[in-house]
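In what follows, a structure is listed as structure tokens, so that the remarks can point back to it.
2 protein chains.
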Amino acid sequence: MEDTRSTNCPILFALDIFGDKWSLLIMRDILIRGGKYYKDFLGAGEGISTNILANRLEQLERHGLIVKQLDETNKRRFVYSPTQKGMELVPALMEIIEWSAKYDPDTGTPPWYIERLKTDREALIQEIYDQFQTRE
Amino acid sequence: MEDTRSTNCPILFALDIFGDKWSLLIMRDILIRGGKYYKDFLGAGEGISTNILANRLEQLERHGLIVKQLDETNKRRFVYSPTQKGMELVPALMEIIEWSAKYDPDTGTPPWYIERLKTDREALIQEIYDQFQTRE
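So the protein sequences, as listed, match chains V and U.
Read in order, the letters of the first sequence correspond to residues 4 to 139 in this note's numbering.
Read in order, the letters of the second sequence correspond to residues 4 to 139 in this note's numbering.
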């Protein structure tokens, strides 16, 4: 994929990984909503189709943003978790959330979350990181 | 557009505006590279086609991210500039740049820029804002 890039622009590098909105929404499910299983992503509310979901999960794994492992508590299903590279998308997601919450009159972001983003962002991000470090 | 959204998630709000990579690359040209004219966006290096460019500029204008005005110095061309809403994407772009520069072995971001992103981000962002306030 990277071989075919037209420029070495860092914005393009990220956009080439995400390609369309679905990959970033899956990362949102994993990083911010605590999604772990295929069914969590399928039921996230935006109506992703099973074939797009399977394809994007594969892409995210191939790009080293998530890992897929057998679930210890139920060996018949897989659990998805972020890598360090995937986790470090959290600050960019936080900026996007803050921007959208400001400009979307119908935003679903609760006021207390917006407040924390403004006044307590580092701790908020650290809490998210800790959650995954504990899980491993 | 917003009427058809499936959820009020703030990440989805932003992704619905950007839709594909081209809109965000145009915002990069305007916000970070000082692009003002149609030809600046056309020649940015990623090979955007004229019909996609015209369409995305219209969309960005409709979403209130940029304004299009007759160029004072040459009344036969238009100059594009960011609105406040458009300008406030800079912090999100900075996070994306930092992430990509870290994980892209071929990144085009110069080391001094990465260093400023890490140690002097607020001033860097303010410099970008000042540039547009002066222009108006």
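Backbone N, C-alpha and C fix where the C-beta goes; we use that ideal spot for every residue, glycine too.
Since residue i and residue j should fall inside the 8 Å C-beta cutoff, what is the C-beta to C-beta distance between them, to a whole number of angstroms?
i      : j     : result
U/R79  : U/Y40 : Not really, about 11 Å apart at Cβ, beyond 8 Å.
U/N36  : U/D19 : At residue 36 of chain U the sequence reads Arg, which differs from the Asn that was named. Not confirmed; about 25 Å, so no contact.
V/D109 : U/N11 : 5 Å
U/P13  : V/D23 : Between V/D23 and U/P13 the Cβ distance is about 18 Å, and since that is not below 8 Å, they are no contact.
V/I29  : V/F16 : Going by Cβ atoms, the distance from V/I29 to V/F16 rounds to 19 Å, so no, they are not a contact pair.
Once you ignore the five residues that flank residue i on each side, which residues in its own chain have a CB closer than 8 Å to its CB?
i     : result
U/K2  : For chain U, the structure presents residues 4 to 139; residue 2 of chain U sits outside this window and is missing.
U/T86 : G67, L68, I69 and V70
U/M97 : L120, R124, L127 and I128
Measure from the C-beta of residue i to each C-beta in chain V and report whether the shortest distance is under 8 Å.
i      : result
U/K88  : yes
U/F135 : no
U/Q129 : no
U/N11  : yes
U/T112 : yes
U/K27  : The question names Lys, yet the displayed sequence has Leu at residue 27 of chain U. Yes, U/L27 lies at the interface with chain V (some Cβ there is under 8 Å from its Cβ).
U/D109 : yes
U/R31  : yes
U/E64  : no
U/A57  : no
U/L96  : yes
U/K121 : no
U/L15  : yes
Have a look at the options and flag the residue whose alpha-carbon is nearest the alpha-carbon of residue i.
i      : options                         : result
U/E101 : U/Y132, U/R124 and U/I33        : U/R124
V/D133 : V/L27, V/K105, V/R119 and V/L34 : V/L34
U/F135 : U/A17, U/V93, U/I99 and U/T112  : U/V93
V/I131 : V/N77, V/T76, V/M90 and V/P114  : V/M90
U/Q62  : U/L27, U/N77 and U/G38          : U/L27
Could you name the residues of the same chain whose beta carbon sits closer than 7 Å to that of residue i, not counting the 5 residues immediately before and after it, in chain order?
i      : result
U/I55  : W25
U/K88  : G67 and L68
U/G48  : none
U/T112 : I100 and A104
How about residue i: is its C-beta nearer than 8 Å to some C-beta of chain U?
i      : result
V/E125 : no
V/F81  : no
V/L84  : Note that residue 84 of chain V is Ser in the sequence shown, not Leu. So, not an interface residue.
V/N106 : Correcting the residue identity first, residue 106 of chain V is Tyr in this sequence and not Asn. So, interface residue.
V/W102 : yes
V/E118 : no
V/K39  : no
V/G46  : no
V/D43  : no
For residue i, which residues in the same chain have their Cβ closer than 6 Å to its Cβ, ignoring the five residues on either side in sequence?
i      : result
U/A95  : none
V/R119 : L127
V/I117 : A104
V/F21  : L27
Any heavy atom of the ligand ATP within a distance shorter than 7 Å of the CB on residue i?
i      : result
U/P114 : Ligands in the displayed structure: none, and consequently the ligand ATP is not present.
**Request:** Write down every uninterrupted run of the alpha helix (DSSP H) in the segment 99-133 of chain V whose length is 4 residues or greater and which is fully enclosed by it, in chain order.
**Result:** 114-122
**Item:** Ordered list of beta strand (DSSP E) runs contained in the segment 36-107 of chain U, each at least 3 residues
**Value:** 69-74 and 77-85
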